[in-house]
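Visitor:
In my numbering, the protein residues as written are 8 to 418.
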């Protein structure tokens, strides 16, 4: 909504009052004052137009960055006219920035005729996502600040992709039970093998005699065998809850943003160790990143997670039910559960489907109440499912708003 009380409107009102007084009083001085005010208003309107005339420009910015990165925005301004231009504001739109810093402005006091000026300023990528930068606008209120003119420069508005911030995970148990050969690898241990020697233990029936450690056997007067690290393979499926009701909180402090960071960090941890990763979530469009390995797959994971949005209407337990049948036996499933959009029984059923395939289940529960604006008004959460898993000795992590995620996964 336009402001009513402005310098220009005040001067117009004053000129009208003086004109009314001059007509009624027939006082020449009042006519002179009206003429002066009218001249000021006309100049205040025309000079800003002149100040932006013949001024062109451009912008360059990198196309991708990580959340929290500081990037440089490069601006070029050129005055193609002969005369100098004064008091030019250059206003850009940077939706990837912090809420109060999304319209960065620079002020050019003077741009000489035929002069080109290049400069840059830092911008912080506040939150992951895909953003359109711009438009780039020029604004001037030269010389008195009474009237302001704005013009949008005809320059491309580039796209900036901000990847989620990834944190280091010291260790997370991705190995499934058993020794079923599959695609990924996870270190486990048993007597024998061909990897790295890790220690000795007492002989068990079935151990190969060639791995007997004779010095220890002689010392303890019983068979002692050498123990090695071997490789057991793992395919890992990360389930993201993209139901619209699951995203609780505002800006960066939402359950979805925390879940995205955790998913990206677990993917990095697993891919660095040779595992095969897929990520599944049902938003307005299904998010399905099929199994893959290596650096190129990590790049795809980051790109897809940067664009992920909680805009779906399919409960997470149904996503697990749909995909559990397509998972190989002996893999690992990571469940990121910020919100229960069904009852405990539905999730217990999904969990039983995974366990029937000898799947190692890692569950990450979010304290949804801590992400709300007013946690005091939130109802009691249903923690039955989490308590059930903890009671069964499963791997469970709990995340609250403000947690240091690296510390959560270091415990």
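All residues carry an ideal CB built from backbone N, CA and C; glycine is no exception. On a predicted model such as this, the values are computed, not experimentally measured, just so you know.
(1) Following the continuous beta strand (DSSP E) through residue 112, name the residue where it begins and the one where it ends.
(2) If you draw a straight line from the C-alpha of residue 410 to the C-alpha of residue 283, how long is it?
(3) Since residue 368 and residue 404 are thought to touch, with beta carbons under 8 Å apart, how far apart are those beta carbons, to the nearest angstrom?
(4) With DSSP collapsed to three states, give me the class of residue 275.
(5) With a threshold of 16 other CB atoms inside 10 Å of the CB of residue 248, please say whether the residue is buried or exposed.
(6) I need the DSSP call for residue 316, collapsed to helix, strand or coil.
(7) With a CB to CB cut of under 6 Å and the five nearest residues on each side skipped, what residues in its chain are close to residue 63?
(8) Of the choices 26, 312, 33 and 77, whose alpha-carbon is the least far from that of residue 137?
(9) First and last residue of the beta strand (DSSP E) that includes residue 75?
(10) Tell me which residue opens and which closes the alpha helix (DSSP H) that residue 403 is part of.
(11) Apart from the five residues on each side of it in sequence, which residues of its chain come closer than 6 Å, Cβ to Cβ, to residue 8?
(12) So, at 6 Å on beta carbons, what are the nonlocal neighbours of residue 361 in its own chain, with the 5 sequence-adjacent residues on each side left out?
(13) Which same chain residues end up closer than 6 Å to residue 113 when comparing Cβ atoms and leaving out the 5 residues on each side of it in sequence?
(14) Just verifying my parser: in three-state terms, what is the DSSP assignment at residue 282?
(15) From the DSSP output, in three-state form, read off residue 270 for me.
(16) Regarding residue 316 and the ligand MN, is the C-beta to nearest heavy atom distance less than 8 Å?
(17) If you check the beta carbons only, do residue 381 and residue 407 fall under 9 Å apart?
(18) Could you round the C-beta distance between residue 357 and residue 328 to whole angstroms and report it? I think they count as a contact, below 8 Å.
(19) Going straight from the alpha carbon of residue 81 to that of residue 61, what length do you get?
(20) Can you name the start and end residues of the alpha helix (DSSP H) that residue 51 belongs to?
(21) Does residue 106 come out as helix, strand or coil in the three-state DSSP assignment?
(22) Report the three-state DSSP secondary structure of residue 293 (helix, strand or coil).
(23) Taking 8 Å as the threshold, find out whether the region 13-32 comes into contact with the region 41-50 through three or more Cβ pairs.
(24) Taking the C-alpha atoms as reference points, what is the distance between residue 103 and residue 133?
(25) Use the C-beta contact count for residue 297: other C-beta atoms within 10 angstroms, 16 or more gives buried, fewer gives exposed.
(26) What do you reckon, are the CB atoms on residue 157 and residue 146 nearer than 9 Å?
(27) Taking the straight line between their C-alpha atoms, what separation do you get for residue 69 and residue 141?
(28) Determine the DSSP secondary structure at residue 16, reduced to helix, strand or coil.
(29) Just checking, does the region 262-269 make contact with the region 210-230 on the three C-beta pairs under 8 Å criterion?
(30) Does DSSP put residue 343 in a helix, a strand or coil?
(31) Please tell me whether residue 23 and residue 47 are closer than 9 Å, where the distance is taken between their beta carbons.
(32) Considering just the uninterrupted stretch of the beta strand (DSSP E) at residue 351, what are its terminal residues?
(33) According to DSSP, is residue 162 part of a helix, a strand, or is it coil?
(34) What does the alpha-carbon distance come out to for the pair residue 352 and residue 400?
(35) Buried or exposed for residue 254, going by 16 or more other Cβ atoms inside 10 Å?
(36) Could you please give me the residues that DSSP links to residue 139 through a beta bridge?
Guide: Concretely, from the data shown:
(1) 112-118
(2) Spanning the two alpha carbons is a distance of roughly 28 Å.
(3) That pair is no contact at about 12 Å.
(4) helix
(5) buried
(6) coil
(7) 85
(8) 312
(9) It is not in any beta strand (DSSP E) - residue 75 carries neither H nor E in the DSSP assignment.
(10) Counting along the chain, residue 403 falls outside any alpha helix (DSSP H), though it belongs to the beta strand (DSSP E) covering 402-406.
(11) Any answer about residue 8 is weak, because its pLDDT of 46 lies below 50 and its placement is not dependable; what the coordinates show is given next. Around residue 8: no qualifying Cβ.
(12) 331, 340 and 368
(13) So the list reads 97, once near-sequence residues are dropped.
(14) coil
(15) helix
(16) Within the structure as shown, the ligand MN is missing, as the structure has no ligands at all.
(17) no
(18) 6 Å
(19) Near 20 Å, if we compare the C-alpha coordinates of residue 61 and residue 81.
(20) 35-59
(21) helix
(22) strand
(23) yes
(24) 6 Å
(25) exposed
(26) Yes.
(27) 14 Å
(28) DSSP places residue 16 in helix when its eight states are reduced to three.
(29) no
(30) strand
(31) No; because the gap between Cβ atoms is not below 9 Å, this pair is not in contact.
(32) Unbroken run through residue 351 is the alpha helix (DSSP H), 351-363; no beta strand (DSSP E).
(33) Residue 162 falls in the coil class under three-state DSSP.
(34) In a straight line, the C-alpha of residue 352 is about 19 Å away from that of residue 400.
(35) buried
(36) Answer by DSSP bridge pairing, in chain order: 166.
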